[in-house]
Ligand code: ADP
Ligand code: GLC
């Protein structure tokens, strides 16, 4: 068998077309890394109305057909729009009934039918286009039904010979609804609605659970999270199910696209820099950031950034609780994020009472994110749980020191600074406690203000650290080969 492996990526978001978080980054970067390792990759995602016109205008219509879906055999239109970017082919599944909403995710009642349709349509499109992959790599619950449909409705069709990998990016989201609603929309037979597959409890069915049962392999985005999700605290109700399937579960840590995130070539930065110019140029980026955000312009201030979905996952209750304590006359805080109104409101409040010292930018803003990664000294990621986390990787690439809680991928990617040996990449804490978070921030300040030489060495160490996809893409490739040759 040739080493040239065909892989179909199926997922609900992909940068630059649509991105709400790290899943969008991975769906963009991993295929690009794989094609450099002799894979042929196609990415399948919904043709959402909110995809910007500048991308839509380059898409080409590749055909359409009608597909049955529900228990009563209702049929739906499936259109295929295609575009190619840097050697990766993107196929968008078009259906106005499902994808004409403002946002990709609108609430489970609508999202469950939407992603039942999407999962089944993606397989039907593969047959329609006569492009049969060796491996179908599905991402999160929205593509969770792909392995189930593949082994049932599509078993005797050409695509039926493909093998599946299902990656858990975040177990918090699972696609759970009442059994009748799920039975109706999937149109799948009754025998699947028992505990080993769909059944969650007496009333509910779970799409992710079913996909995990039927996938040939399960991966998640760090080795630590692969262990954590087999425990009650992190398992989100699926820990026993995952322990049962643990022989096919593996953690492969995420990387970032080091071309997309490159301070030496980043056109969104006021000043670009590489390792040789970072220490000076980051100060210029800091001043530009302070000026843009209405903070006191002073390159000697310690600037702590936070770029995040504003949800409980990200440890923001801790940040809230210590907000005033982490500030001092020489420290500034910049927050970029949207989400839970509770956090949006409290961060706005802290800005209003700390004018010139704090900026809470409650928006999703790609360009500003780049400028914060470059212009901050440290980036705060104190998550309650974090499957991998990309912001700490981007920060290191930009010479910005991460302050993280040791959980999931944060634990696997940030080595704690050791003052004895002068090694490490950032400041970490273990227990989910305000005093621990504050302790880590204080240690970072101590090094920044009292031993700038060592601080600068850490900046350069972080910039030199390999955070690319290279290694992890190889591990995925090995997994694909194993499945292909099995
Ligand atoms: P998650 O997927 O849980 O949201 P990750 O750390 O894996 O967390 O990925 C977050 C991604 O989203 C990063 O690329 C980060 O820069 C980006 N991001 C998060 N919030 C914003 C925002 N408000 N504006 C711009 N980019 C954001
Ligand atoms: C999820 C996780 C995040 C991870 C991302 C990409 O959204 O919350 O930790 O980095 O997926 O895998």
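In my numbering, the protein residues as written are 31 to 516.
Cβ coordinates follow ideal geometry from the N, Cα and C atoms, glycine included.
Mind reading off the beta-carbon distance from residue 224 to residue 37? Whole number of angstroms is fine, and I expect it under 8 Å. Incorrect: roughly 31 Å between the Cβ atoms, too far for contact.
Just confirm the distance between the C-beta atoms of residue 166 and residue 194, as a whole number of angstroms; I'd bet it's less than 8 Å. 5 Å
Kindly indicate which residue of 418, 446, 465, 363 has the alpha-carbon position closest to the one of residue 385. Nearest neighbour of residue 385 by Cα position, chosen from 418, 446, 465, 363, turns out to be 363.
Got a sec: does the ligand GLC put a non-hydrogen atom nearer than 8 Å to the Cβ of residue 55? yes
Should the stretch 138-147 be regarded as contacting the stretch 66-73, the criterion being three or more beta carbon pairs within less than 8 Å? no
Label residue 494 either buried or exposed according to how many other C-beta atoms from any shown protein chain fall within 10 Å of its C-beta, with 16 as the threshold for buried. exposed
Could you check how far apart the C-beta atoms of residue 125 and residue 109 are, in whole angstroms? I think they sit under 8 Å. In this structure, residue 125 and residue 109 form a Cβ contact; the two beta carbons are roughly 7 Å apart against a cut-off of 8 Å.
Starting from residue 317 and walking both ways along the alpha helix (DSSP H), at which residues does that stretch end? 308-323
With distance defined between alpha-carbon atoms, name the residue in 257, 115, 321, 319 nearest to residue 442. 257
Closer than 8 Å: is that where the CB of residue 445 sits relative to any heavy atom of the ligand ADP? no
Using the Cβ count rule (16 or more neighbours within 10 Å means buried), how would you classify residue 128? buried
Separation of residue 247 from residue 480, as counted between CA atoms: 49 Å
Let me check you understand the geometry: is the CB of residue 172 closer than 8 Å to at least one non-hydrogen atom of the ligand GLC? No, Cβ of residue 172 sits at least 8 Å from all heavy atoms of the ligand GLC.
Taking its Cβ as the centre, do 16 or more other Cβ atoms sit within 10 Å of residue 422, making it buried, or is it exposed? buried
From residue 42 to residue 131, what distance separates their C-alpha atoms? 14 Å
In angstroms, rounded to a whole number, what distance separates the CA positions of residue 498 and residue 197? Roughly 19 Å between the two C-alpha positions.
Start-to-end residues for the beta strand (DSSP E) that takes in residue 446: Here residue 446 belongs to no beta strand (DSSP E), and DSSP marks it neither H nor E.
Reduced DSSP category for residue 38 - H, G, I as helix; E, B as strand; rest coil: strand
Short of 6 Å in beta carbon distance, which residues of its chain neighbour residue 79, apart from the five on each side in sequence? Order them along the chain. 130
Please indicate yes or no: does the CB of residue 250 lie closer than 8 Å to some heavy atom of the ligand ADP? no
Using 8 Å as the cut-off, classify the Cβ of residue 424 as near or not near the heavy atoms of the ligand ADP, replying yes or no. yes
Please find out if some non-hydrogen atom of the ligand ADP comes closer than 8 Å to the beta-carbon of residue 187. no
Cβ neighbours of residue 234 in the same chain (closer than 7 Å, five flanking residues each side left out): The answer, listed in chain order, is 206, 207, 208, 209.
Proximity below 9 Å, CB of residue 410 to CB of residue 462: Cβ atoms of residue 410 and residue 462: not closer than 9 Å.
As a quick exercise: from 330, 353, 336, 265, pick the residue whose alpha carbon is nearest that of residue 438. 265
Which of the three DSSP states is assigned to residue 261 in this structure? coil
For the pair the stretch 340-350 and the stretch 364-381, tell me if three or more CB-CB distances fall below 8 Å. Three or more Cβ pairs drawn from the stretch 340-350 and the stretch 364-381 lie within less than 8 Å of each other, which places the two stretches in contact.
Which residue's Cα is closest to the Cα of residue 107: 100, 95, 101, 113? 95
Residue environment, residue 483, which counts as buried when at least 16 other CB atoms sit within 10 Å: Per the 10 Å Cβ criterion, exposed.
Counting pairs of Cβ atoms below 8 Å between the stretch 213-224 and the stretch 168-184, do you hit three or more? yes
Sequence-distant residues of its chain with Cβ nearer than 6 Å to residue 341 (five each side left out): 369, 370
Kindly indicate which three-state DSSP category residue 148 falls into: helix, strand or coil? helix
Return helix, strand or coil for residue 31, following the three-state DSSP convention. A caution first: residue 31 carries a pLDDT of 44, below 50, which makes its placement in the model unreliable, though a value can still be read off. It is coil, neither helix nor strand.
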